[in-house]
Structures are given as C-alpha cells and as structure tokens.
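Protein sequence lines correspond, in order, to chains H and P.
Here the first sequence is numbered in the working numbering, starting from 443 and rising by one per residue.
Here the second sequence is numbered in the working numbering, starting from 443 and rising by one per residue.
C-beta atoms are modelled at their ideal positions from N, C-alpha and C, and glycine is treated no differently.
The structure appears right after this line, and notes come after that.
Number of protein chains: 2
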Amino acid sequence: MAREKKQYPTEKELAILKVLWASGPATVRQVNDEIAKEQKTGYTTTLKFMQIMTEKGLLIRDDAPFKHIYKPAISEEKTQKQIVVNMLDKVFAGSAGKLVMQALSAKQVSPEELKKIRQLLDKMEE
Amino acid sequence: MAREKKQYPTEKELAILKVLWASGPATVRQVNDEIAKEQKTGYTTTLKFMQIMTEKGLLIRDDAPFKHIYKPAISEEKTQKQIVVNMLDKVFAGSAGKLVMQALSAKQVSPEELKKIRQLLDKMEE
DNA sequence: ATATTTATACGAAACTCTTCGTAATTTCGT
DNA sequence: ACGAAATTACGAAGAGTTTCGTATAAATAT
C-alpha cells in the first residue's frame, strides 16, 4: 500500500521540538514537564517519541551519563520553512500572498516585526 | 486512550478540498481524476474519503440521481484560517511575523499581491 | 432487453501515530 | 551498602488514516 512519507514532523513531534527550540537542549524529564502543561502526557510517552525521533534523525542525543540530553537535528527555521512550503502547496494553491494575508489577519504583529516585513517587501521589489 | 481531536483536515482530506476549491462542486470521478495526477489513488479510496468527510461535516452532498455532487461545507478561507491559527501556535510560537517572513522568502509573490499586503500593513498601523 | 460500463455502499486490511505498562538499569539519600 | 527514586529500553495495544476488494445498484449502448 506504500503511503507517501511525511516530510514534516507530526503533532507530537512538533510539540517536542517546540520545547527544545524554546529552552535549548534538554532531558526527557524537562521536555515532558513542559509538554504536560499544555496536554498531560506520560513520561514514557515522551521518552518513546524522543527515541523514535532520534532514530528518524530529527533529534541528536548526547549520551551524557545517567541523563541523556537531546537537541533538534534541524534548525527551527529550516523546519518552519519545510512546513510553510508544504502548506503553500497543499492549502494555499501555491499563493504565498494568500498565506501572508491570513497570517497577518489572524494575529497581532509587533511594530518591529511589521518593520522587518516592510523591509523584506522593499527588497523583493527589485 | 482518547487522543485530542484534530481541528483541521488530514492530508488526503486536504487534497480533496483543494480540488473542490479549485473546480467547484464535483463528482467523485472528477475529484479522483484530479487527485490521481499528483498521486495515483484508486477511485474507491477517494469515494470512501468523500463519504467519511460528508459524515464528518466537511463536505455537503447533493444526491443528484446517479451522480452525487459534493462541495465543501466550510469555505476555503475559513479552513485556511484554521490551519494558519493552529500552525502559528504549534510551529511559530505565536509569532505571525515569523510566519510571514518565511512565507515571503519561500516563494515569489506577484506585484498585485505585494500591493495588497502593503495595504493591509498600512491599515494595521493605526 | 441484455451486456457492458459506471457508480455507490460496505467492510476490512495495511499502515501510522500515540499511549503506556513493565522490566532493567542507574543514581542518590541515608 | 541498601532501598527508594529516577531513567532508559522494549514491546504491545489503542486510535486514527489510508487503501482497496467485493458486492450491489443504476445507466448506457447496441
């Protein structure tokens, strides 16, 4: 039946990456404590995921004695790009403009970020 | 084990919605023909999905004699918004600005769209 | 009107994601 | 050094997604 491989992280994987992005390299315990705030999750569930993600190449494990330390194998920006590119195709019929409009109207953007966006727009018009 | 309900469509469901968004109400045959271009899919697979999506309330079915006609139950924009909002939280730590930057640098945007984006930015700075 | 083609309904299998229990191992407090 | 507590490894099951085969019904062509 050969399904197509996903080229982006699943929900739970994202939740784990989110923690690691925010707090830097961390142990399973630390990650689980964070995740559990949003949605209660058993320790071994998180452990299992982080093991699998390491096998998949999504995480890198530092086998420190006793406590293993994990960190993302791929940068936050690169992962975000993967997801945006995929979504552009699957959800926005390839129109980055539409996606931008939706993002802007979905949530307040800080003045600094608005400025950065304008600068990028300027640079693009050449 | 009670998993959390997804509040957005799955991959395949999106593929079907994408076709219906692009071509308007359509039969299973029409949808399947389109989908098969990107990734070969059996007719009954698409049929089954469209039946399930109808049960879920994602599609509306017009039981025309012989050929059933399907259309999305939720507008393209609303579905896109759902996905963007979810992604902002899960992938971009709530920063719409980051998402916008990624979208803009991921793909070329047409001049007209750039203009619309600028207008929206102007309106937001008040 | 009968055979062929096209459509729908249904059920189950294959695969993936998510969850956790249990056992084995290691550390820490006393 | 010994028991309690924390960590890791492993396996399996529940839940959701995706796939398709087969049966049945409806339409079309000849």
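**Message:** In this structure, how does DSSP classify residue 468/P when only helix, strand and coil are distinguished?
**Reply:** strand
**Message:** Among 541/H, 531/H, 542/H, 523/H, whose alpha-carbon lies nearest the alpha-carbon of residue 533/P?
**Reply:** 523/H
**Asked** Excluding the five sequence neighbours on either side, which residues of its own chain have a C-beta within less than 8 Å of the C-beta of residue 449/H, listed in chain order?
**Response** 524, 528
**Request:** State the CB to CB distance for the pair residue 468/P and residue 511/P, rounded to an integer number of angstroms; the pair is presumed to be in contact (CB under 8 Å).
**Result:** 7 Å
**Request:** Would you list the residues sitting across from residue 504/P in a DSSP beta bridge?
**Result:** 511/P
**Prompt:** In whole angstroms, what separates the C-alpha of residue 508/H from that of residue 457/P?
**Reply:** 46 Å
**Request:** Would you list, in chain order, the members of the segment 499-522 of chain P that have their beta-carbon closer than 7 Å to a beta-carbon of chain H?
**Result:** 522
**Positions along the segment 528-546 of chain P whose CB lies within less than 8 Å of some CB in chain H** = 529, 530, 532, 533, 534, 535, 536, 537, 538, 539, 540, 541, 542, 543, 544, 545, 546
**Prompt:** residue 548/H versus chain P: which residues are under 8 Å apart at the beta carbon?
**Reply:** 523, 526, 527, 530, 538
**Residue closest to residue 493/P, alpha-carbon to alpha-carbon, out of 473/P, 445/P, 553/P** = 473/P
**Message:** Rounded to the nearest angstrom, what separates residue 504/H and residue 488/H at their Cα positions?
**Reply:** 17 Å
**Message:** Could you check whether the Cβ of residue 555/P sits closer than 7 Å to any Cβ belonging to chain H?
**Reply:** yes
**Message:** Please tell me whether residue 462/P has its Cβ less than 7 Å away from any Cβ of chain H.
**Reply:** no
**Message:** In whole angstroms, give me the CA-to-CA distance for residue 552/H and residue 526/P.
**Reply:** 18 Å
**Asked** Relative to the C-alpha of residue 535/H, which residue among 513/P, 480/P, 498/P, 464/P is closest?
**Response** 464/P
**Request:** Indicate whether at least one CB of chain H lies closer than 7 Å to the CB of residue 458/P.
**Result:** no
**Request:** For chain P, find out if any of its Cβ atoms is closer than 7 Å to the Cβ of residue 559/H; answer yes or no.
**Result:** yes
**Prompt:** alpha helix (DSSP H) containing residue 485/P: first to last residue?
**Reply:** 485-498
**Request:** Taking the CB atoms as reference points, tell me whether residue 555/H and residue 539/P lie closer together than 7 Å.
**Result:** yes
**Prompt:** Quick one: is residue 473/H near chain P, going by C-beta distance under 7 Å?
**Reply:** no
**Request:** Verify whether the separation of the beta carbon atoms of residue 495/P and residue 453/P is less than 7 Å.
**Result:** no
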